[in-house]
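A short worksheet on the structure shown next.
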Amino acid sequence: MLEIKNLHARIAEDGTEIIRGLNLSVKAGEVAAIMGPNGSGKSTLSYILAGREDYEVTEGDILFNGQSILEMDPAERAATGIFLAFQYPMEIPGVATMEFLKTAINAQRKARGEEELKIPDLLKRVRSAADELEMDMNMLKRPLNVGFSGGEKKRAEILQMKLLEPKLCMLDETDSGLDIDALKIVADGVNALRSPDRAVVVITHYQRLLDYIVPDTVHVLYRGQIIKSGSKDLALDLEKNGYAGVIGEAA
Amino acid sequence: MPAVQETIDQVRSIDVDQYKYGFETLIESDLAPKGLNEDIIRFISAKKEEPEWMTQWRLKAFERWKSMEEPTWARVNYPKIDFQDLHYYAAPKNQTGPKSLDEVDPELLRTYEKLGIPLREQEILAGVRKQGEPSTLDENPSDNVYSSGRVAVDAVFDSVSVVTTFKKELAKAGVIFCSISEAIREHPELVQKYLGSVVPVSDNFYATLNSAVFTDGSFVYVPKGVRCPMELSTYFRINEKNTGQFERTLIIADEGAYVSYLEGCTAPQRDENQLHAAVVELIALDDAEIKYSTVQNWYPGDSQGKGGIYNFVTKRGDCRGRNSKISWTQVETGSAITWKYPSCILRGDNSRGEFYSIAVSNGHQQIDSGTKMLHLGKNTSSRIISKGISAGNSQNTYRGQVSAHRKAANARNFTQCDSLLIGNDCGAHTVPYIEAKNATAQFEHEATTSKISEDQLFYVMQRGIPEEEAIALIVNGFVKDVIQELPMEFAVEAQKLIGISLEGSVG
């Protein structure tokens with residue numbers, strides 16, 4: 001589903017190279033974890049996949065379902081089914097969460113040539129998704145992410161993910177700022193989305209989240225490259241022995 | 001929200017240099033010769049069939065104006081205006097004053113039809129449809145606020161009011177709603193008592209000029225204890241070339257009365273600049289309330305900064321009575337230059353003034369706008385919410401004054417000025433003047449300036465919302481607290497306008 005080939009990318013403003021020849025492939029139905037020490041390029045990779053303009057791809061390609069997405073802007077990529085749950089979701093003052101959800105859902109439907117969702121349908125879907133995440137519907141009247149606690153923001157991200165039904169779900173440090181109860185709810189939300197035609201990429205620094213969202217594959221990102229790939233046991237090993245061993249091996 | 005979608009559709013459907021109301025109506029005009037002198041003033045006064053006291057009032061203002069200098073303190077730049085190169089009177093021919101709809105030139109009606117707004121009212125007038133029935137013009141009647149809305153309209157074309165609707169029904173409630181010209185003839189005692197009592201003849205250069213040459217505008221009087229049964233509104237249209245429009249509006253809410261008044265403005269697209277110098281006076285007596293809303297969409301000039309309206313306006317409300325309240329709400333998207341400070345004099349004890357403003361500037365527009373809240377009485381309070389949005393190469397200044405007089409015990413003010421920048425070539429400026437001569441006054445001022453951040457835009461687009469739609473969504477969120485203050489009829493229109501005004505603001 002996702003095929004990253006010899007990707008090189010740098011910060012557009014100052015030319016600093018962040019991704020240096022990265023190869024990664026994630027199949028439909030797979031849950032892949034990307035781990036690595038701070039500053040290895042994990043979040044940057046998620047931004048580049050989502051199409052953020054601050055980064056320039058200088059070499060290589062990103063294929064999504066066989067198509068290169070390099071020329072697409074973030075909205076077009078989203079409409080093809082790429083979703084990023086942000087580590088730090090942005091506040092949108094004055095825009096009620098419900099209104100935002102409706103705008104996003106209908107924008108994607110429109111891009112795919114589908115009819116707009118009728119209000120009762122929309123409400124039904126939102127209500128059921130919110131229930132699963134134990135979110136109060138009243139919260140959806142508030143402006144998106146404005147004054148939300150860390151946990152509320154992360155839930156709101158997962159709520160959007162459920163409603164937009166993406167093909168590729170990327171989660172950037174979704175566990176940060178969550179207590180254990182919230183973490184379980186969020187993880188259940190993600191697990192419910194696991195399906196044979198959907199891939200999930202979990203970006204995380206710690207093993208903790210992977211106890212709840214059990215990955216099929218684990219990849220270690222270091223200095224802009226995947227230096228080691230393995231099964232879920234690799235994450236446990238990293239938890240026990242740290243990154244030093246793996247980094248040493250690669251060097 | 002349908003309005004957001006409409007904003008987007010409008011944004012998409014309109015080219016950068018396309019101003020929707022830029023058409024010109026080819027209609028024969030009765031035009032005064034160019035230039036300004038006593039004869040012209042007498043000519044205007046005679047055209048309006050005014051009594052002698054009015055003519056004298058104008059002439060006195062003109063004498064005064066000749067010794068005045070154009071103000072230069074505002075943060076706007078424009079070539080010097082040649083006041084002798086303007087027409088001070090233009091009227092569609094065969095049109096001496098408000099008449100019934102049947103008598104109105106069909107070309108004129110078509111103009112208002114194109115402007116889109118008061119048409120559903122004209123349908124009612126023409127007997128096509130009864131009030132409260134959905135209009136056949138509406139594809140989706142339940143969504144349309146006009147279909148059941150009841151808004152009385154006064155339409156001003158260049159220098160004359162061409163039609164005022166619902167007059168009879170309003171008269172039943174005792175409300176007088178007519179053109180100012182008619183009021184001078186029919187209700188001289190009210191006009192003489194209140195005209196110039198809030199904005200004195202010598203107030204400022206443009207107000208004095210207006211006092212000498214004003215041509216038309218609306219007059220409203222709501223008697224004691226009456227709640228005006230419908231929204232009142234005036235649509236101003238400048239059509240004729242090289243014409244100054246000098247609107248004069250006077251609204252009086254007697255003790256315990258309430259009125260909500262809306263004004264809308266458009267002009268054709270022309271290469272020359274046109275002048276609009278209005279004076280609006282509001283008077284609220286004991287326990288009275290006036291709500292005044294403006295959606296100003298004068299032609300702003302093209303993307304190179306050529307043409308457009310110079311909008312030099314003096315608007316002031318006097319909370320003359322105890323417990324009175326005046327509230328200004330404005331959405332400013334048009335004009336090449338805007339110089340406008342709708343203000344409140346809080347004279348009566350416990351009176352309250354409010355100012356809610358959205359000022360959008362794009363292209364080469366220059367806006368210097370804000371408000372004055374002058375606290376004179378005891379326990380007076382005021383609230384200012386200003387949202388400035390700058391895009392393109394525009395400059396957008398908020399200039400506001402809040403002052404408490406020595407005797408204004410317990411005066412309170414809350415001011416919030418937020419500026420939003422789109423792009424890197426525009427400017428936002430905030431110039432607050434705060435002055436308290438009474439130690440018990442409590443004034444709060446908050447100001448923010450932000451850019452639509454790359455982070456925000458990326459986040460919204462990541463959800464599949466295309467760039468223009470994403471900006472419209474963020475901007476509509478930014479102005480939400482002010483939009484909520486607008487009457488329903490204008491809220492949707494205002495949101496659409498903001499979208500259109502910001503068209504092409506992202507590269």
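Those sequence lines, one after another, are chains A and B. According to the UniProt record's numbering, the first sequence is numbered sequentially starting from 1. According to the UniProt record's numbering, the second sequence is numbered sequentially starting from 1. All C-beta atoms, glycine included, are put in the ideal place defined by N, C-alpha and C.
Rounded straight-line distance, which links the Cα of residue j to that of residue i
i: L137/B; j: G334/B; result: Confidence at L137/B is low in this model, with a pLDDT of 38, below 50, so its placement is unreliable and the value that follows should be read with caution. Each residue's Cα considered, the two are about 27 Å apart.
i: Q495/B; j: S501/B; result: 10 Å
i: K66/B; j: S211/B; result: 13 Å
i: G66/A; j: E3/A; result: 8 Å
i: A408/B; j: N350/B; result: 10 Å
i: A253/B; j: L170/B; result: 14 Å
i: S40/A; j: A447/B; result: 39 Å
i: P143/A; j: W53/B; result: 57 Å
i: G353/B; j: E289/B; result: 10 Å
i: W339/B; j: Q366/B; result: 9 Å
i: A428/B; j: Q416/B; result: 14 Å
i: K124/A; j: D181/A; result: 26 Å
i: G177/A; j: Y398/B; result: 40 Å
i: D175/A; j: H8/A; result: 28 Å
i: F458/B; j: I452/B; result: 10 Å
i: P432/B; j: F443/B; result: 12 Å
i: A192/A; j: V186/A; result: 10 Å
i: F219/B; j: L59/B; result: 21 Å
i: M373/B; j: C344/B; result: 5 Å
i: G196/B; j: H276/B; result: 19 Å
i: D197/A; j: Y222/A; result: 29 Å
i: G321/B; j: A284/B; result: 6 Å
i: Y88/B; j: P200/B; result: 21 Å
i: E63/B; j: Q192/B; result: 20 Å
i: S25/A; j: L70/A; result: 16 Å
i: K167/B; j: V175/B; result: 9 Å
Residues that residue i contacts on chain B, provided the C-beta gap is smaller than 9 Å
i: Q87/A; result: Ordered by position in chain B, no residue passes the 9 Å Cβ test against Q87/A, which lies about 11 Å from the chain.
i: A182/A; result: The premise fails here: A182/A is roughly 21 Å from chain B at the closest Cβ pair, so nothing lies under 9 Å.
i: A78/A; result: M461, Q462, R463, G464 and I465
Close-in-space but distant-in-sequence residues of the same chain around residue i (CB under 8 Å, 5 per side omitted)
i: S43/A; result: Q87, D172, E173 and I203
i: Q108/A; result: A78, A79 and L164
i: A12/A; result: E53, D54, Y55 and E56
i: T16/A; result: R10
i: A199/A; result: M1, L2, V26, K27, A28, G29, E30, V31, A32, K167, L168 and C169
Same chain, Cβ closer than 7 Å to residue i, neighbours up to 5 away in sequence not counted
i: V280/B; result: T249 and K315
i: N6/A; result: G21, N23, E59 and G60
i: I465/B; result: L473
i: M137/A; result: R127 and A130
Within chain A, the residues that residue i reaches when beta carbons sit closer than 7 Å
i: K480/B; result: G94
Interface partners of residue i on chain B, CB under 7 Å
i: Q67/A; result: Within 7 Å Cβ-Cβ: nothing; Q67/A doesn't reach chain B, min ~17 Å.
i: L84/A; result: Q462
Cutoff 6 Å; reference residue i; Cβ partners in own chain excluding five residues on either side
i: K153/A; result: P89 and N145
i: K291/B; result: S260 and S327
i: N323/B; result: D287 and N350
i: L190/B; result: Y221
i: Q395/B; result: Q366 and G427
i: I184/B; result: E50, M54 and V191
Contacts that residue i makes with chain A (C-beta to C-beta distance below 8 Å)
i: G477/B; result: I92, P93, G94, V95 and P143
i: I474/B; result: I92 and V95
Distance between beta carbons of residue j and residue i, contact taken as under 8 Å
i: Q330/B; j: N311/B; result: Their Cβ separation, rounded to whole angstroms, is 11 Å, which puts Q330/B and N311/B out of contact at 8 Å.
i: G217/B; j: E247/B; result: 4 Å
i: E30/A; j: T217/A; result: 6 Å
Per-residue contacts from residue i into chain B (C-beta, under 8 Å)
i: P74/A; result: F458, M461 and Q462
(message) Under 9 Å, CB to CB, which of the residues in the segment 450 to 461 of chain B have a partner in chain A?
(response) Flagged, chain order: S453, E454, D455, Q456, L457, F458, Y459, V460 and M461.
(message) For the segment 461 to 472 of chain B, list every residue whose C-beta sits within 8 Å of some C-beta in chain A, in sequence order.
(response) Listed by position along the chain: M461, Q462, R463, G464, I465, P466, E467, E469 and A470.
(message) Can you pull out the residues from the segment 188 to 219 of chain A whose beta carbon lies closer than 9 Å to at least one beta carbon of chain B?
(response) If the cut-off is 9 Å between Cβ atoms, the segment 188 to 219 of chain A has nothing near chain B.
(request) With 7 Å as the limit, tell me which residues of the segment 100 to 112 of chain A have their beta carbon closer than that to any beta carbon of chain B; keep them in chain order. (result) Result list: T103, A104, A107, Q108 and A111.
(message) To be precise: take each residue of the segment 154 to 173 of chain A, compare its Cβ to all Cβ atoms of chain B, and keep it if any distance is under 8 Å. Which residues remain?
(response) Here the close residues are Q160 and L164.
(message) Counting only Cβ-Cβ distances shorter than 9 Å, please list the residues of the segment 50 to 64 of chain A near chain B, keeping chain order.
(response) Those residues of the segment 50 to 64 of chain A that come within reach of chain B (Cβ to Cβ, closer than 9 Å) are A50, G51, R52, E53 and D54.
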